[in-house]
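Notes follow once the structure below has been shown.
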């Protein structure tokens, strides 16, 4: 096992009738900004719940945060928060709203000039407004970590930052509210969480059997519960299991003491930037290519994954590895998530554009053991035409 | 899945060369009390490391904290801490030292009279001295939770309390320091962690597959790594895996959203009180009895445990349940931990004394679904003669 540090102070409130705790969770003297997206929280009861349990509080609203939230939209919230002297941010919705809220929390007190530097130049986030969230969509895990991903339309960038100051103070997880999600978003959530686990698991062995088993536990649960939720998002028990799996997938537990490799995400982000494809779908496109190209380098964990998650025990190493990739693709496709460029009408020229963006960011060697060179990025995408 | 709240702000520093971070972790202006036990930290390098990395700090020492730490000894530390105006407690050693330190942290600022009330009358702990620890013995999990167990010699009591104020600010986990432990303590640690998982897992199904799988993951890792560490405590990799398993066994992750049943601990504590038997050994004695007596009530999880952990898939329900109990006993015994009264020369009269203590505490119906009546306690122990 590698040495590690683990710290996660997010308070989780999970299940039914959790919104009524809002009143005691947010100090009375706070000026609150309620942030949300396209208005789904007005249909699933969360908006009314917030109004009810925070009645009499000083609250302003900021809505319209997009999927793949943008710097441009977030900066509108930053201006408003400064003008209105907001000192508590409450995000309600899915990962996009929470990610934007984390960036806004960091940007409001930011003293280094343009807050874009936090994303582009990894400028240090020394302080942030306190924030919390109400989660209605299981997927990204942002509700229990200090990470955020924000896009900038004007420059075709999709970048991440992390800072302890943007850990949510608390996150209210509501499987019931997620029950009204469209199938498409449920499928995205399952695949997003699945690939989050993979990026912290499918690298190379370091003798960390507990971390491996927990990662496999999340994968198995997603494979078991995902199709149930996809068939019926209102199945409370299955949605609850999916939601907790997605949170556990990215709260730091499974990465403690093991290597990580976020290169599937790195490449996937570019496909979203250029073609607006849902984040999870870009991961489903890129992952099989990454495994094909780095099959040899990732063989030990790929075979372990095949055996422990898909029960693949027969055939040569190569046959078993191929079978593991195949089963993964089948699983994604069973949730209506396609895995090839042609399925999304992505032209082959996109490959050049992605490689150029990697070059621009000087990402010459990403991934675990720096395996993902520009050449690997190209081959991974060529595999997915 | 049941509704739940999860909160655990303990910072974990795990692995080699972690002690050098002490200087930045403890504020410079603190008057520190270093608490330890019989002096093992002077042999495993931890004492010297603390002195080196906290050189120049205002530190006083308090040593001699016993296994099954006592109220009596802890109160000596409370007096000293008050007199010396200590404002930071640093425990170094195993679970006993950390548990005592938690009680001392709560007792120093306690304004309600005798701090024993915290244990006996569940008096509220509103504040506590900040505390942290350096763990050199994998077992209890106290390094990453807010629980503490303290005994009182004069009254034959062994009682627990919990309070958010006694979460350690940080815990430094040192597998290397644990490498010099005697086999006996390693075996105790494996069994202690094992039964911690069982108490949060082997109740009744609530459709929480991820929690179940993670619990099973810890059990499987203990079964795999435990014998390696028992054979050679200096096997760093195996010790690291044991240490992280023991921490994960009781940091709140596996109990989130599921029922618990701490009645094996409740009964085991009495055997320690009356006969001074190591905590883990009392659990190994009591657990098989609990399963024999409540085999029917716990059948679903007992069969699941047998299948997932011991791969028991053949035979009638009763045969498989019996086999699961048998395999567990064999595992304990393979670590040199005996499981019957006769192995420890415990007289049959102890059964009456335990039941009387349960009566005195008005513990008439403990365990999940209140299954553990005084009659069940008696039968459980009769099973272990």
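Protein chains in written order, with this note's numbering: chain A, 31 to 415; chain B, 31 to 415. Note that the Cβ used here is the ideal one computed from N, Cα and C, for glycine as well.
Length of the line joining the Cα atoms of residue i and residue j
i                      : j                      : result
residue 34 of chain B  : residue 190 of chain B : 22 Å
residue 157 of chain A : residue 139 of chain A : 7 Å
residue 284 of chain A : residue 101 of chain B : 38 Å
residue 168 of chain B : residue 98 of chain B  : 15 Å
residue 239 of chain A : residue 212 of chain A : 37 Å
residue 176 of chain A : residue 406 of chain B : 48 Å
residue 13 of chain B  : residue 205 of chain B : Outside the displayed range of chain B (31 to 415) lies residue 13 of chain B, so it cannot be described from this structure.
residue 58 of chain B  : residue 52 of chain B  : 11 Å
residue 387 of chain B : residue 181 of chain B : 14 Å
residue 81 of chain A  : residue 375 of chain A : 43 Å
residue 392 of chain A : residue 400 of chain A : 13 Å
residue 17 of chain B  : residue 327 of chain A : Because chain B here runs from 31 to 415, residue 17 of chain B falls outside it and cannot be looked at.
residue 415 of chain A : residue 325 of chain B : 57 Å
residue 379 of chain B : residue 385 of chain B : 10 Å
residue 351 of chain A : residue 329 of chain A : 7 Å
residue 287 of chain B : residue 281 of chain B : 14 Å
residue 331 of chain B : residue 338 of chain B : 10 Å
residue 397 of chain B : residue 229 of chain B : 9 Å
residue 366 of chain B : residue 311 of chain B : 10 Å
residue 173 of chain B : residue 40 of chain B  : 8 Å
residue 242 of chain B : residue 94 of chain B  : 39 Å
residue 395 of chain B : residue 254 of chain B : 35 Å
residue 149 of chain A : residue 141 of chain A : 15 Å
For residue i, the residue or residues it bridges with in DSSP
i                      : result
residue 403 of chain A : A:395
residue 100 of chain A : A:181
residue 41 of chain A  : A:200
residue 63 of chain A  : A:90, A:119
residue 165 of chain A : A:123, A:203
residue 190 of chain A : A:179
residue 34 of chain A  : B:44
Among the options, nearest to residue i - alpha-carbon criterion
i                      : options                    : result
residue 409 of chain A : A:272, A:368, A:321        : A:321
residue 184 of chain B : B:67, B:295, B:370, B:304  : B:304
residue 293 of chain A : A:411, A:264, A:241        : A:411
residue 129 of chain A : A:144, A:143, A:171, A:147 : A:171
residue 236 of chain A : A:112, A:355, A:384, A:334 : A:334
residue 403 of chain A : A:374, A:323, A:307        : A:323
residue 372 of chain A : A:125, A:381, A:364        : A:381
residue 261 of chain A : A:277, A:230, A:220, A:287 : A:220
residue 2 of chain A   : A:87, A:299, A:344, A:36   : Shown here, chain A extends from 31 to 415; a query on residue 2 of chain A therefore has no answer.
residue 316 of chain B : B:134, B:242, B:368        : B:368
residue 54 of chain A  : A:87, A:72, A:348, A:383   : A:87
residue 271 of chain A : A:44, A:32, A:68, A:36     : A:44
residue 103 of chain A : A:70, A:145, A:77, A:160   : A:145
residue 195 of chain A : A:187, A:264, A:159        : A:159
Beta-carbon gap between residue i and residue j smaller than 9 Å
i                      : j                      : result
residue 217 of chain A : residue 273 of chain A : no
residue 127 of chain B : residue 61 of chain B  : no
residue 85 of chain A  : residue 119 of chain A : no
residue 203 of chain A : residue 227 of chain A : no
residue 108 of chain B : residue 153 of chain B : no
residue 42 of chain B  : residue 201 of chain B : yes
residue 301 of chain B : residue 222 of chain B : no
residue 91 of chain A  : residue 64 of chain A  : yes
residue 224 of chain A : residue 38 of chain A  : no
residue 245 of chain B : residue 258 of chain B : no
residue 342 of chain B : residue 318 of chain B : no
residue 193 of chain A : residue 155 of chain A : yes
residue 215 of chain A : residue 124 of chain A : yes
residue 134 of chain A : residue 49 of chain A  : no
residue 67 of chain A  : residue 114 of chain A : no
residue 291 of chain A : residue 252 of chain A : no
is_contact[residue i, chain D] using C-beta, thresh 9 Å
i                      : result
residue 128 of chain B : Protein chains in the displayed structure are A and B, and chain D is not among them.
Taking a cut of 9 Å between CB atoms, which residues from the region 41-67 of chain A lie near chain B? Within the region 41-67 of chain A, the residues whose Cβ lies closer than 9 Å to any Cβ of chain B are, in chain order, 41, 42, 43, 44, 45, 46, 47, 48, 51.
Relative to chain A, which residues along the region 153-174 of chain B have a C-beta separation below 7 Å, given in chain order?
Considering only beta carbons, no part of the region 153-174 of chain B lies closer than 7 Å to chain A.
Query - chain B contacts from the region 254-275 of chain A (Cβ-Cβ distance under 8 Å) - result: Those would be 254, 255, 267, 270, 271, 274, 275, in chain order.
query: At a Cβ cut of 8 Å, what residues of the region 211-240 of chain B count as close to chain A, listed as they run along the chain?
result: Cβ contacts with chain A: 237, 238, 239, 240.
Output needed in chain order: residues of the region 282-295 of chain A with a Cβ under 9 Å from some Cβ in chain B.
Cβ contacts with chain B: 283, 286, 287.
Taking beta-carbon pairs under 8 Å, can you tell me which members of the region 188-214 of chain B lie near chain A?
Result list empty, no residue passes.
message = Any C-beta of chain B within less than 7 Å: which residues of the region 299-320 of chain A qualify?
response = Under the 7 Å Cβ criterion, the region 299-320 of chain A contributes no residue.
* Asked: For the region 350-361 of chain B, which residues have a CB atom closer than 9 Å to at least one CB atom of chain A, in sequence order?
  -> Answer in chain order: no residues at all.
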